[in-house]
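Worksheet: the structure to be examined is printed underneath.
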Amino acid sequence: MSSFPELDSPDCPGILVPQKVYHVKGQGNWNPIPPISLQRNGTLGVRLQDALREPVTGLVNGRTIPTLSTTSMRAALRIQWPGYGSWSVPNALHSLDHTNQAKPHNLAHVVYQVAKIVRSFYNDVASTEPNPDWHLGRIPFSQLYLVQLRNVSAGSWQPVIAYEPR
């Protein structure tokens, strides 16, 4: 079962990867930032392989500045790929660039950051033996799409990823 069932639609590129939603106990009155849905050239999702080539062109609202955190300039990215352990990169998503002017990153650059991190996850764990249905050795990175980013805890985001088998 998908952890993001409301995204199961004919517009979704392929099959949603059924990640468990990351959850922190004791977050109390935490209010999540609304999800960031991604569309490129009129279709839902951005192929991660394409997002590795900056700038990400054709991205709807690609020049807007997304809110990644209400308390920090950085946020963690968490991946809960089925059959693999929880994987995260603290301070992975940067709201500002590293220049003297500290300009805010736009959505297209955030998508680029996420694509690099998902590729790192893919390379780090691809040789381990997980759930055979979702073994990364059988799923080409070029067939993965970033559909949405979900704020799953204060300062943490989880990518919603689809796999388009050919």
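First residue of the sequence shown: 930, per the working numbering; consecutive thereafter.
C-beta: ideal position from N, C-alpha, C; glycine also.
Query, Result
"Contact set for Gln1087: own chain, Cβ-Cβ below 6 Å, skip 5 residues either direction", "Tyr951, Arg1007, Arg1079 and Val1081"
"Nearest-angstrom beta carbon gap, Ser1056 and Ala1005 [assumed within contact, 8 Å]", "Actually they are not in contact, since the Cβ atoms of Ala1005 and Ser1056 sit about 24 Å apart, beyond 8 Å."
"Residue burial classification, Leu977 (beta-carbon count within 10 angstroms, cutoff 16)", "buried"
"Exposed unless 16 or more other CB atoms sit within 10 angstroms - verdict on Arg928", "Nothing can be reported for residue 928: it is not among the residues displayed for the chain, which extend from 930 to 1095."
"Spatial distance of Ala1031 from Asp1062 (CA atoms)", "43 Å"
"DSSP beta-bridge partners of Pro1088", "Leu1078"
"Range covered by the alpha helix (DSSP H) that runs through Ile1046", "Leu1036 to Val1054"
"Contact check, Ser1024 vs Leu988, beta carbons under 8 Å", "no"
"Secondary structure of Ala980, DSSP reduced to three states", "helix"
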